[in-house]
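Going by the UniProt record's numbering, the residue at position 148 of the sequence shown is 148; the numbering climbs one at a time, nothing skipped.
For glycine and all other residues, C-beta sits at the position ideal for the given N, C-alpha and C.
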Amino acid sequence: MTTTAVSTGVAVRLEGVSRRFGTVQALDGLDLELAPGELVALLGPSGCGKTTALRILAGLEDADSGRILVGGKDVADVPVNRRDMGMVFQAYSLFPHLTAAENVEFGLRLRRQSAAARRRRAQEMLELVGIGTHASRFPQQLSGGQQQRVALARALAIQPQVLLLDEPLSALDAKVRLQLRDEIRRIQLEVGTTTLFVTHDQEEALALADRVGVMRAGRLEQIGLPEDIYRNPATPFVAEFVGLSNRFAGQLSASGVEVFNTLLPTLNAGSVEHGPVEVLVRPESIDLTADPLGDGRVVAVSFLGPLARVTVALPDETLVVAQVSSARLADLPPGTPVRVTLLPIPVVVSPSDQT
């Protein structure tokens, strides 16, 4: 997603940042850069180091080594309350005895702004996040999504240089999560704040971010535009973590990789030796045709709205998952014999002994 707002944010750089907790290397020389006004999502499984990176940037954790630069200044020794960062976490963390407006005013009160200025700014922020009419309500009178909007308004009220979002949507139900996800993006574009968004949800990361960084074991496996992360994964880990992939046996040569008697182009052949390999094929790169002479047989169908996911069993018990238009489901009910065709779309390969 391309940013269209005029940026008012600052550049952020993490240079060679490492952090160890006992025997666990949470971050291993992490290098990460955010351009002014950019929203970068860190995506990865639990324990990959993404939240540790955010907490070090916030000042909630200390790095063992490396530098943290905000607007070109090293903030490693700057305490949390002086880093000028707004933070929103999975837990709403609102004060239960304060109204929505008073919660939003809290940071402004610490900055000794006048009561009139605080009230004006709080109302502006609540309007920005879409709950201006709820200013006098207490947290227990608000839904989860509304509480998280208050938390977002509070983070933005102080006009932070950097906005940090740590799994802010994971406690919400699916419909509210989708609505608030779109709101966060709208607001971030409007205010132009440099933003780091941490999530384990690939759909959130791909939908929200200007760039996505996929982390594994304290390092960035790949960072790039969302479409590049999905279409051109740099490693087997990225290909399997971002999106769904079939894993098939293949034979790699200078010409490409052969799978099911079909020669396919490869994305990362230079990193793998020629010979037997595992091949990762996206479901949308597979076409199915109902055919009485086909080797495959449909064993399951999942309706996904405009798309459908069809699972096919081959004679050797290999399962193939294909994604097709749901309009084709009438021709592909369970039990249907089908012909499986691999489209000539570049694939990722990995050593055949990789599990």
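Burial state of residue i (16 or more Cβ within 10 Å)
i	result
residue 285	buried
residue 73	exposed
residue 14	buried
residue 44	buried
residue 216	buried
residue 133	exposed
residue 261	exposed
residue 139	buried
residue 109	exposed
residue 23	exposed
residue 21	exposed
residue 254	exposed
residue 233	buried
residue 246	buried
residue 202	buried
residue 305	exposed
residue 103	buried
residue 270	exposed
residue 338	buried
residue 177	buried
residue 250	buried
Local conformation of residue i per DSSP, three classes
i	result
residue 249	strand
residue 205	helix
residue 43	strand
residue 21	strand
residue 338	strand
residue 27	strand
residue 147	helix
residue 300	strand
residue 313	strand
residue 351	strand
residue 270	helix
residue 170	coil
residue 260	coil
residue 325	strand
residue 58	helix
residue 199	strand
residue 183	helix
residue 285	helix
residue 290	strand
residue 38	coil
residue 70	strand
residue 189	helix
residue 194	strand
residue 308	strand
residue 176	helix
residue 80	helix
residue 13	strand
Other residues of its chain near residue i: CB distance less than 6 Å, five sequence neighbours each side excluded
i	result
residue 195	39, 163, 188
residue 137	100
residue 336	290, 298
residue 170	90
residue 9	36, 37, 192, 193, 194
residue 25	218
residue 55	61
Same chain, Cβ closer than 7 Å to residue i, neighbours up to 5 away in sequence not counted
i	result
residue 344	264, 265
residue 369	No answer is possible for residue 369: the residues shown for the chain start at 1 and end at 355.
residue 347	257, 264, 266, 267, 279, 280, 281
residue 310	288, 298, 301, 322, 324, 332
residue 78	59
residue 160	84, 85, 86, 193
residue 151	88, 92, 93, 94
residue 342	259, 260, 262, 264, 281, 285, 286
residue 207	181
residue 46	200
Closer than 9 Å to chain B by CB, residue i
i	result
residue 332	No chain B appears in this structure, which consists of one protein chain only.
Contacts around residue i, its chain only, beta-carbon distance under 8 Å, and the 5 residues preceding and following it disregarded
i	result
residue 351	272, 273, 277, 278
residue 179	145
residue 167	51, 89, 90, 198, 199, 200
residue 114	none
residue 28	18, 49, 217, 218, 219
residue 303	326, 329
residue 121	104, 105, 108, 113, 157
residue 355	Its pLDDT being 43, under 50, residue 355 is placed unreliably in this model, and the coordinates cannot settle the point.
Residue i CB to nearest heavy atom of the ligand FMN below 8 Å
i	result
residue 129	Inclusion of the ligand FMN in the displayed structure is not the case, the ligand content being empty and no account of it being possible.
Exercise. Entirely within the region 213 to 239 and at least 4 residues each: give me those alpha helix (DSSP H) ranges in chain order.
Key: 226 to 231
Quiz item: What are the complete alpha helix (DSSP H) segments, minimum 4 residues, inside the region 86 to 162?
Solution: 100 to 110, 115 to 128, 144 to 157
Practice problem: Count the C-beta pairs between the region 224 to 237 and the region 48 to 67 that are closer than 8 Å, then say yes if the count reaches three, no if not. | Solution: By the criterion of at least three beta-carbon pairs nearer than 8 Å, the region 224 to 237 is not in contact with the region 48 to 67.
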